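The next block holds one structure in the form of structure tokens; read it before the comments.
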Amino acid sequence: GINAEYGDRASFSMAKGGKGGKGGKGGKKENKKLGAGKRSQTKAKPGKGKFRDTKPSMDREVHKPAAQPQKRKREEPAKPKAAALPLAKKKKESKHFMSRLEHDAEFLLAQQAKVVWEKVRVKDMEPKERTAMITKLLAKLSGHIQALCLKHDASRIVQTCLKWGSKPECDAICHELLGSLRPLCKSKYGKVLVKKLLMYCTKPVRGQIIRTELVGHVAELLSHKEAADVIEFVWADIATAEQRQTLVSELYGPEWKLWHQSSGATHLEQLEQQSADTLIKVTTSMADFLNKLVDKGLVGQSIVHRCASEFMKFGSMEQRTSFAGHVSERLLEMIHTRHGMMVGVGCVTYGSPKDRKLIVKSMRGYVTKVCCEEFGHTVLIALLSILDDTVLAKEILIKEITDELSDLMSDLYCRRVLVSVLVGINSRYLPPDSIQLLTPQLPANFIVSKKSAEQRRNELLVLLLPAVLSAFQDSPCLLYTSPSPRDS
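Sequential numbering from 1152 applies to the sequence shown in the working numbering.
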């Protein structure tokens, strides 16, 4: 009976899915094997591990401020509608353009002013009507001119007002911009406006602009690519002789400023007579500044040429030789003015043979143009009378002249170049100031060139003389027509 009862209990446990025994552990293992491909999901027990209840208790509740009643927004004045402007279809469809009109007040003002400007700038407009429109336009732009001057389109509006406005209106614009003209000089579009201010304002206001905005900052402005154009305009077209001397003296350096304040000297000649040691310090400062401009490529301004010519006049032999080597590749940009020509002749005279070759190579393609210039041809004469490398001179200088000789023979300055090769530097064919420049007084131990003038001339005539004779055969009238009796 016991075995039968035991067998019944075992069969009952097997029927439940286990192998029998306590707790039916075998049945659990079989269930795991059956669900081998599926991941079992265990339900987290509350209050244990990372699944614990994290809700803060009452004593840890975060304090929340009581809700404040919303303030009533202040009604802003209605902005001017941009839709009233006569805009092109393309601009109306531009989201960026329309967004700027809505949010940028100065941009909207510029667009409104452009509508009036399109009518004012027409040349055939009645003067009375134009004057009335300009007065109305300036009343609208007053207080915003400084910001508008930096924009390429709005700057033209102010320029038109300066051109067609009355003198009091021009002076009013100048007074509004005083104190901010120096940053405008450094702007691509602002520098044009500064030139117009100096051109159209009255003489007292013009002097005030030079005195308050430019004096004391000439070296800084000359070192800037855009602002250098303004200084050149003032130097060449606006400034008086006294103002020019004031401007150029700022390039002499701090030593000159101290000497000027103590002694009242205004020219370097006075300093040369009074203190040679101070003169050396001044020329050293000038050399540093000029080398800086050469490195930046800013040597085309007339005031720079004036400063460089005074440096070549008062500097020591070592300083002149050093500067000639530094500026040789940029010399072509300087020789179109009188002072630049003096610098060019000095560089040819005091430079090394290597420097002279660099000067000749920089002229490749521009020899005929330099040959016909009022001042540039003197530098060409100096090169042909000093350069020992006659092969290079014939390859570049003489060849370019002979290729267009029939056209150049009728030019006064080109004839002077040809005559200097044919007969040398002769006072019968060259003016006295050129003779003085081309034959400077040099120290006895200073060697300019190794070849004699006769040997150099004979080597150049091998290529030049046949071309000159051929030009006379083709056009005999050249012998009887001359722009000057001295060159016939």
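The beta carbon of each residue, even a glycine, is placed where N, CA and C say it ideally should be. Nothing here was measured: the structure is a model prediction, and the numbers come from that model.
Check: Could you name each continuous alpha helix (DSSP H) segment of 4 residues or more that falls completely within the stretch 1419 to 1481, going from the start of the chain to the end?; Outcome: 1419 to 1425, 1427 to 1447, 1453 to 1465 and 1468 to 1478
Check: How many Å lie between Ser1306 and Val1385 at the Cα?; Outcome: 20 Å
Check: Starting from the N-terminal side, write out each stretch of the alpha helix (DSSP H) that is 4 residues or longer and does not extend beyond the stretch 1484 to 1551.; Outcome: 1489 to 1501, 1504 to 1513, 1518 to 1522 and 1527 to 1537
Check: Suppose the cutoff is 6 Å on Cβ atoms and the five residues either side in sequence are ignored; what does the same chain contact list for Leu1332 look like?; Outcome: Val1345 and Glu1364
Check: For the structure I just gave you, are there three or more beta carbon pairs, one from the stretch 1549 to 1562 and one from the stretch 1578 to 1589, closer than 8 Å?; Outcome: no
Check: Am I right that Leu1483 and Val1511 are in contact with their C-beta atoms under 8 Å? What's the rounded C-beta distance?; Outcome: At roughly 10 Å, the Cβ-Cβ gap does not stay under 8 Å, so Leu1483 and Val1511 are not in contact.
Check: Let me confirm a value: Cys1628 is counted as buried when at least 16 other C-beta atoms fall within 10 Å, else exposed. Which label applies?; Outcome: exposed
Check: Alpha carbon to alpha carbon, what distance is there between Leu1430 and Thr1417?; Outcome: 13 Å
Check: Using the Cα positions of Leu1581 and Gln1452, report the straight-line distance between them to the nearest angstrom.; Outcome: 27 Å
Check: Under 7 Å Cβ to Cβ from Tyr1517, same chain only, skipping five residues before and after it: list those, please.; Outcome: Leu1483
Check: Determine the DSSP secondary structure at Ile1598, reduced to helix, strand or coil.; Outcome: coil
Check: Comparing the C-beta of Ser1245 with each C-beta of chain C, is any distance below 7 Å?; Outcome: The question asks about chain C, but that chain is absent: this structure has only one protein chain.
Check: Around the Cβ of Glu1269, are there at least 16 other Cβ atoms within 10 angstroms (buried) or fewer (exposed)?; Outcome: exposed
Check: Could you give the distance in angstroms between the alpha-carbon of Glu1377 and the alpha-carbon of Glu1401?; Outcome: 19 Å
Check: Given this structure, state the Cα-to-Cα distance separating His1368 from Pro1405, to the nearest angstrom.; Outcome: 13 Å
Check: For a minimum of 4 consecutive residues, which ranges assigned as the alpha helix (DSSP H) are wholly contained in the stretch 1249 to 1305?; Outcome: 1256 to 1271, 1278 to 1292 and 1296 to 1299
Check: CB-CB under 8 Å to Ser1536, same chain, minus the five flanking residues each way: which ones, in chain order?; Outcome: Ser1571, Gly1575, Ile1576, Leu1589, Ala1604 and Arg1607
Check: Please work out which residues of its chain come closer than 6 Å, Cβ to Cβ, to Gly1316, disregarding the five sequence neighbours upstream and downstream, and give them in chain order.; Outcome: Ile1285
Check: Given that a residue counts as buried once 16 or more other Cβ atoms are within 10 Å of its Cβ, and exposed if not, what is Ala1459?; Outcome: buried
Check: Would you mind giving the Cβ-Cβ distance between Tyr1340 and Lys1291, rounded to the nearest angstrom? I have them listed as a contact below 8 Å.; Outcome: Actually they do not touch by this definition, with Cβ atoms about 20 Å apart.
Check: If you follow the alpha helix (DSSP H) that Cys1325 is part of, which residue opens it and which one closes it?; Outcome: Lys1318 to Leu1328
Check: Which parts of the stretch 1352 to 1421 are runs of the beta strand (DSSP E), unbroken and 3 residues or longer, counting only runs that do not cross its ends?; Outcome: none
Check: Residue range of the alpha helix (DSSP H) that Pro1617 falls in?; Outcome: Ala1604 to Asp1625
Check: Exposed or buried, which one is Leu1409 when buried takes at least 16 other CB atoms within 10 Å?; Outcome: exposed
Check: Starting from Ser1571, trace the alpha helix (DSSP H) both ways and give me its first and last residue.; Outcome: Leu1563 to Val1574
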